[in-house]
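Engineer: My numbering puts the first residue of the sequence shown at 184, with every later residue one more than the last.
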Amino acid sequence: MAIAALGAVGWQAWAVVGLSTYIFLCSSTRHYQRRAMERRFGFKTRTTLANMTLKEAYAIQTWLAEQEFPSVFSASIFFALFKTYGIPSISKLLVATGQFGKPGDVRAMSKRVADTSVLLTNMIVRPPGSKQAMEAVARTNYLHSSYRRAGKISDDDMLYTLSLFVLEAIRWTDKYEWRRLTDMERCAMATCFKVWGEDMEIPYSRLPSYQQGGWADGLAWLEELDAWSRQYEERYLAPSSDNAQVAGATMDFILCRLPWGFKSIGQGIVSVILGPRLQDAMKLPSPPSHSKTIFSLLISARKLALRYAVPPRPYFLRRIYNVDDPDPSTGRYQAVTWRVYPWYARPSFRDRWGPGAWLAWIMGGEYVDLTAKDYVTEGYMIREVGPVSQIGKGEKDMNATVEKLTKADPARCPFGLLGS
């Protein structure tokens with residue numbers, strides 16, 4: 184009788200049961216991963232967060248960047264850099280260097296984006312104390328050193344840029360992802376970025392607790408950094424022609440592969456992300472009202488889909504930011520991903536003739552010659568990344584930085600008793 188009754192149930196009922204079960208499994212497994220990370224590290228109270236080591240913080244942040252929130256993590260880092268272009272002192276120097284090329288020169292902008300991406304991903308995603316991470320810090324320090332000595336890059340500019348890298352990643356996750364970050368995750372990011380700031384010789388003397396013996400934990404450091412960063416913006420965020428030039432070059436880069444009919448929509452969405460104050464500082468036109476509506480709908484749909492319809496990303500499908508080993512014959516690393524122009528990468532057959540390439544061509548996207556010989560397709564060496572004029576320079580300075588970083592314990596605790 185029971186079997187007969189089950190057989191009488193229509194396919195619609197079975198579909199509802201199957202869909203409900205799938206939604207339950209997706210949602211529960213997503214939350215299970217978060218709880219599993221909390222059990223693994225055992226930071227159950229605010230007090231215990233003070234003893235989070237750099238090694239533990241790196242493991243937590245890497246999980247966030249590679250498995251839990253890879254898309255938002257990557258986008259937030261890019262837009263954090265974009266946001267610095269609302270500060271006239273920063274954009275003025277960038278214009279003076281000529282690294283953004285002439286108006287409409289997307290290629291020059293793409294080279295700068297590629298160089299920045301290589302240095303940041305090797306610094307942030309590589310294990311603390313690894314050769315690649317230390318060389319990325321050393322190269323970054325060298326490229327900034329002459330400008331810092333000349334007073335063209337202030338310590339406040341450096342601290343503000345660092346603050347955006349960590350704060351925007353947290354803000355973006357809280358606004359655009361299917362859940363907010365936990366205190367443990369926020370503390371992990373703060374711990375990692377505090378150490379990177381120290382490695383880049385960025386002073387924290389502007390933060391209140393610096394003169395009072397330091398911070399109780401990463402969250403305390405993060406709270407003070409957030410407050411200082413907002414005050415810095417209130418004081419220095421202002422319109423300028425240099426802001427407009429750098430922001431315009433960045434906007435051209437973001438939109439260049441979109442078909443002409445979609446560029447205005449894309450620009451509107453980017454402007455919505457930046458917000459009214461940055462729109463004014465960068466002299467960008469205010470987005471039409473429908474841009475905000477479209478963006479809100481897309482974000483809401485994505486949140487619902489991720490939470491209820493997409494299972495968590497397993498380790499074997501994690502986002503890969505860097506190849507593990509260099510080419511043994513050249514010592515160079517191939518870029519894993521690239522945008523618009525294939526800097527430090529060898530374009531594949533799929534890149535040239537795959538569905539994405541055909542779709543971009545059919546819909547009128549800007550043509551990019553992937554066969555050009557000057558994209559350094561043999562790969563990059565971290566010590567050579569940056570402007571062409573700086574290739575082969577700075578070895579002495581970089582060696583000194585690496586030697587200094589080698590002496591630091593990658594498992595140290597930057598806060599609490601273990602770090603004292």
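Beta carbons: idealized from backbone N, C-alpha and C, even for Gly.
Out of Pro538, Glu381, Ala240, Tyr205, which one is the CA nearest neighbour of Pro310?
Structural biologist: The shortest Cα separation from Pro310 among Pro538, Glu381, Ala240, Tyr205 belongs to Ala240.
Engineer: Of all the beta strand (DSSP E) runs that stay within the bounds of the region 503-535, which reach a length of 3 or more residues?
Structural biologist: Correct list: empty.
Engineer: How far does the alpha helix (DSSP H) with Asn426 in it extend, from its first residue to its last?
Structural biologist: Counting along the chain, the alpha helix (DSSP H) containing Asn426 begins and ends at 424-438.
Engineer: Round the Cβ separation of Ala399 and Ala233 to the nearest angstrom and send it over; I've been treating them as touching at under 8 Å.
Structural biologist: Confirmed, Cβ separation roughly 6 Å.
Engineer: Can you name, in chain order, every residue of its own chain whose Cβ lies under 7 Å from the Cβ of Ala352, other than the five neighbours on each side?
Structural biologist: If we look at Ala352 and ignore the five residues flanking it on each side, its Cβ neighbours are Phe256, Ser259, Ile260, Met372.
Engineer: Check Tyr563 in the structure and name its three-state DSSP category.
Structural biologist: Three-state DSSP puts Tyr563 in a strand.
Engineer: Once the 5 residues before and after His327 are set aside, which same chain residues still bring their CB inside 7 Å of it?
Structural biologist: Once the five neighbours on either side are set aside, the close Cβ partners of His327 are Ile336.
Engineer: When you compare only the Cα positions, how much space is there between Tyr215 and Ser203?
Structural biologist: Roughly 18 Å between the two C-alpha positions.
Engineer: Tell me whether the region 475-491 and the region 294-301 touch, counting them as touching only if at least three CB pairs, one residue from each stretch, are closer than 8 Å.
Structural biologist: Not touching, per the Cβ criterion.
Engineer: Under 8 Å by Cβ, that's how I've got Ala319 and Ile565 pegged, so tell me the actual separation to the nearest angstrom.
Structural biologist: Confirmed, Cβ separation roughly 6 Å.
Engineer: Using a 10 Å radius around the Cβ and a threshold of 16 neighbouring Cβ atoms, would you call Ala196 buried or exposed?
Structural biologist: Classification for Ala196: exposed.
Engineer: When you compare only the Cα positions, how much space is there between Pro442 and Ala543?
Structural biologist: If you take the alpha carbons of Pro442 and Ala543, they lie about 7 Å apart.
Engineer: Give me, in chain order, the residues of the same chain whose beta-carbon lies closer than 7 Å to that of Val568; leave out the 5 immediate sequence neighbours on both sides.
Structural biologist: Cβ within range, chain order: Asp298, Val301, Leu302, Arg322.
Engineer: According to DSSP, simplified to helix, strand and coil, what is Val568?
Structural biologist: DSSP places Val568 in coil when its eight states are reduced to three.
Engineer: Use the C-beta contact count for Thr212: other C-beta atoms within 10 angstroms, 16 or more gives buried, fewer gives exposed.
Structural biologist: Exposed, by the Cβ-count rule.
Engineer: Excluding sequence positions up to five away, which residues of its chain have a Cβ less than 7 Å from the Cβ of Ala430?
Structural biologist: Closer than 7 Å at the Cβ level, and outside the excluded window around Ala430, lie Tyr268, Met465, Leu467.
Engineer: Can you tell me where the alpha helix (DSSP H) with Trp355 in it begins and where it stops?
Structural biologist: Its alpha helix (DSSP H) spans residues 338-359.
Engineer: By Cβ distance below 6 Å, which residues in the same chain neighbour Ile482 in space, the five residues on each side in sequence not counted?
Structural biologist: Excluding positions up to five away in sequence, the list reads Tyr359.
Engineer: Can you tell me where the alpha helix (DSSP H) with Trp411 in it begins and where it stops?
Structural biologist: Looking at the DSSP string, the run of the alpha helix (DSSP H) that includes Trp411 is 401-419.
Engineer: Reducing DSSP to helix, strand and coil, say where Trp246 ends up.
Structural biologist: Three-state result, Trp246: helix.
Engineer: Is Cys596 helix, strand or coil by DSSP?
Structural biologist: Three-state result, Cys596: coil.
Engineer: Rounding to the nearest angstrom, what Cα-Cα distance links Gly193 and Phe207 in this structure?
Structural biologist: Roughly 22 Å between the two C-alpha positions.
Engineer: Quick check on the burial criterion: 16 or more other C-beta atoms within 10 angstroms. Buried or exposed for Arg369?
Structural biologist: Classification of Arg369: buried, given that the 10 Å Cβ count is 16 or more.
Engineer: Is Gln282 helix, strand or coil when you go by DSSP?
Structural biologist: The answer is coil: DSSP assigns Gln282 none of H, G, I, E or B.
Engineer: Could you spell out the range, first to last residue, of the alpha helix (DSSP H) harbouring Lys446?
Structural biologist: Segment 443-457, the alpha helix (DSSP H) holding Lys446.
Engineer: Reducing DSSP to helix, strand and coil, say where Val551 ends up.
Structural biologist: In the structure shown, Val551 sits in coil (DSSP, three-state: anything other than H, G, I, E or B).
Engineer: By alpha-carbon positions, which one of Val523, Glu251, Arg460, Gly451 ends up nearest to Trp361?
Structural biologist: Selected option, being the one with the closest Cα: Glu251.
Engineer: Specify the secondary structure class of Leu277 as computed by DSSP and reduced to three states.
Structural biologist: In the structure shown, Leu277 sits in a helix (DSSP, three-state: H, G or I).
Engineer: Where does Val289 fall in DSSP's three states?
Structural biologist: Correct three-state label for Val289: helix.
Engineer: Decide yes or no for the touch test of the region 529-541 against the region 273-291: beta carbon pairs closer than 8 Å, at least 3 of them.
Structural biologist: They do not touch, by the three-pair rule.
Engineer: Any chance you could list the alpha helix (DSSP H) runs of at least 4 consecutive residues sitting entirely within the region 302-338, in chain order?
Structural biologist: Listed in chain order, the complete alpha helix (DSSP H) runs (minimum 4 residues) inside the region 302-338 are 314-332.
Engineer: From which residue to which residue does the alpha helix (DSSP H) around Pro538 run?
Structural biologist: Note, Pro538: alpha helix (DSSP H), 538-545.
Engineer: Between Gly401 and Lys377, how many whole angstroms is the CB-CB distance? I'm expecting something under 8 Å.
Structural biologist: Right, the Cβ-Cβ distance comes to about 7 Å (below 8 Å), so this counts as a contact.
Engineer: Could you check the C-alpha separation between Ile385 and Gln315 for me, to the nearest Å?
Structural biologist: Roughly 20 Å separates the two Cα atoms.
Engineer: According to the Cβ coordinates, are Leu553 and Pro525 closer than 7 Å?
Structural biologist: Going by C-beta atoms, Leu553 is nearer than 7 Å to Pro525.
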